[in-house]
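S.K.:
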Amino acid sequence: MALALPTPLRDAVRTTVRAIEDRTPADRDRALDGLRALALLAVPAGHWLVGGFTRDADGALHNSSVLTAVGALAPASWVLQMLGIFFLVGGHASVRSLRRAGERGEPVRAWLRGRIVRLGRPVLGVTAVWAMLLPVLYGLGVPEATLRTGATLVIQPLWFVGVYAAVTALTPYCLRAARRWGVGAAAPLAAAVAAVDFLRYGPFAEAVPAWLGLLNLLPGWLFAYQLGVSWGERRLGRRAAWTLLLGGAALFAALLLFFHYPASMVGVPGQDRTNSHPPSLLVVALAAAQSGAAVLLRDRLARLLRRPALWAPVTVVNLSAMTVLCWHQTALLSAAVPASFLGEVPGLTASPDTAAWLLTRLAWLPVFAAALLLIGRTTRRFEAPWTGVTGARRAAAALLAAGFAVFALRLA
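Residue numbering for the sequence shown follows numbering that gives the first Met the number 0, starting at 0 and increasing by one per position.
#1: Just reading off the alpha helix (DSSP H) that L66 is part of, what are its end residues?
#2: Return helix, strand or coil for H61, following the three-state DSSP convention.
#3: Inspect the CB distances between the region 75 to 87 and the region 24 to 41 and report whether three or more fall short of 8 Å.
#4: When you compare only the Cα positions, how much space is there between S263 and T389?
#5: Counting only the same chain and skipping the five closest in sequence on each side, list residues whose C-beta sits under 6 Å from that of L300.
#6: With contact counted as at least three CB pairs below 8 Å, one residue from each stretch, are the region 65 to 77 and the region 251 to 267 in contact?
#7: Starting from the Cα of V141, find the closest Cα among E102, F381, R54, T314 and give me that residue.
#8: Can you give me the C-alpha to C-alpha distance between V78 and R393, rounded to a whole angstrom?
#9: Rounded C-beta distance between W129 and F381? I'm assuming under 8 Å.
#10: Pick from Q328, L372, M321, L361: whose alpha carbon is nearest that of A164?
#11: For W363, which residues from the same chain have a beta carbon less than 8 Å from its beta carbon, with the 5 sequence-adjacent residues on both sides left out?
#12: Taking V116 as the reference, give the member of P384, A391, L216, A397 with the closest Cα.
#13: Do you know how far the Cα of P121 is from the Cα of A191?
#14: Where does R302 sit, in a helix, a strand or coil, going by DSSP?
#15: To the nearest angstrom, how far is it from the Cα of T15 to the Cα of D271?
#16: Here's a check: name, in chain order, each residue in its chain whose Cβ is nearer than 8 Å to the Cβ of F258, leaving out the five neighbours to either side.
#17: In the DSSP assignment, find the unbroken beta strand (DSSP E) run with T53 in it and report its ends.
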């Protein structure tokens, strides 16, 4: 028998759902918000599922991954790696936002400044808070090695913000390209990634410097964003979507079967090649297939999200997007660091070296989610405009954030 919620809680949930539904504009594109929420939730789900720790003799935690020991789980990363969807939706949303700004008479520079500030506030908040936490935790007996592991996890998802800010800055140029070439404007970006991959993995690999792969960083992620801009300009229709879906899937299979790309879409400790940092052609292929599927499923998803009970959680996730991105690793650490003093806790601080570990980790996911909800109630304020915050406090936050970055990147 299903577990019923207490009547007061049930009434509160219904009231909230109705309030969200009533406040939603009639022209809101629910499908885009649904896709964005799905891509956002895939980030903590992926990190929480495959990212584990090993505990050394001194009780310190070190990063590890279940994918190292159980390579057969790599296909799960094909589902959980949904950044292509996020960039696709971001491109579409930026077109609409820039269009509305133009109608208000707002200059492009002011529009871009507003977007960058919205991205930067939560990043500054999480890094400044962690800079203050580090000495406190160290004073409480947390080993320095554990603190460095935690700092690495906290800063790990933040690369995305920098890349997203860069592609957002290119929105006016993406818009011009979409108007001139339509969906084909993304093709040169895929070709650039393929050329770099050929150099670093082909017959000239030994003569190519390691830093060359960084050239894929911008075109690899801009590819899906450009598709989103074309979509927003109504230059990506169903026929092109089918081409992206089938062509991306075929290229993805070919790269795995014939060109021996790593099967995991995320980095695996111990492997000398990675698909995501920087992005490889396999990431582009997956993004193409995901983008095609998103366009084809848009209308069906929009109809589904007309149901208030489904729309309400999508709205909540979208309103807390940067909080989820910036603080989900802190939620994981809030359980793992105290547990490290108890020894090897299954699914948490025990080494992720068996499939059984994954089953135990699944049981921990509700705990991490609850921790993120509690943390987010306080930290979500970093997403709102910092009205009333003095210049001195902003400068102090920036200084603390810089100090944390130096520690996390092992520059000191």
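Virtual Cβ for every residue (Gly too), placed ideally from N, Cα, C.
M.R.: On the basis of the coordinates in this document:
#1: 65 to 68
#2: Looking at H61 - three-state DSSP - the assignment turns out to be strand.
#3: yes
#4: Rounded to the nearest angstrom, the gap between the Cα atoms of S263 and T389 is 46 Å.
#5: Cβ neighbours of L300 beyond the five flanking positions: A30, G33.
#6: yes
#7: R54
#8: If you take the alpha carbons of V78 and R393, they lie about 39 Å apart.
#9: Their Cβ separation, rounded to whole angstroms, is 12 Å, which puts W129 and F381 out of contact at 8 Å.
#10: M321
#11: W47, A334, G346, L347
#12: P384
#13: One C-alpha to the other measures close to 32 Å.
#14: helix
#15: 49 Å
#16: Y200, listed in sequence order.
#17: 50 to 54
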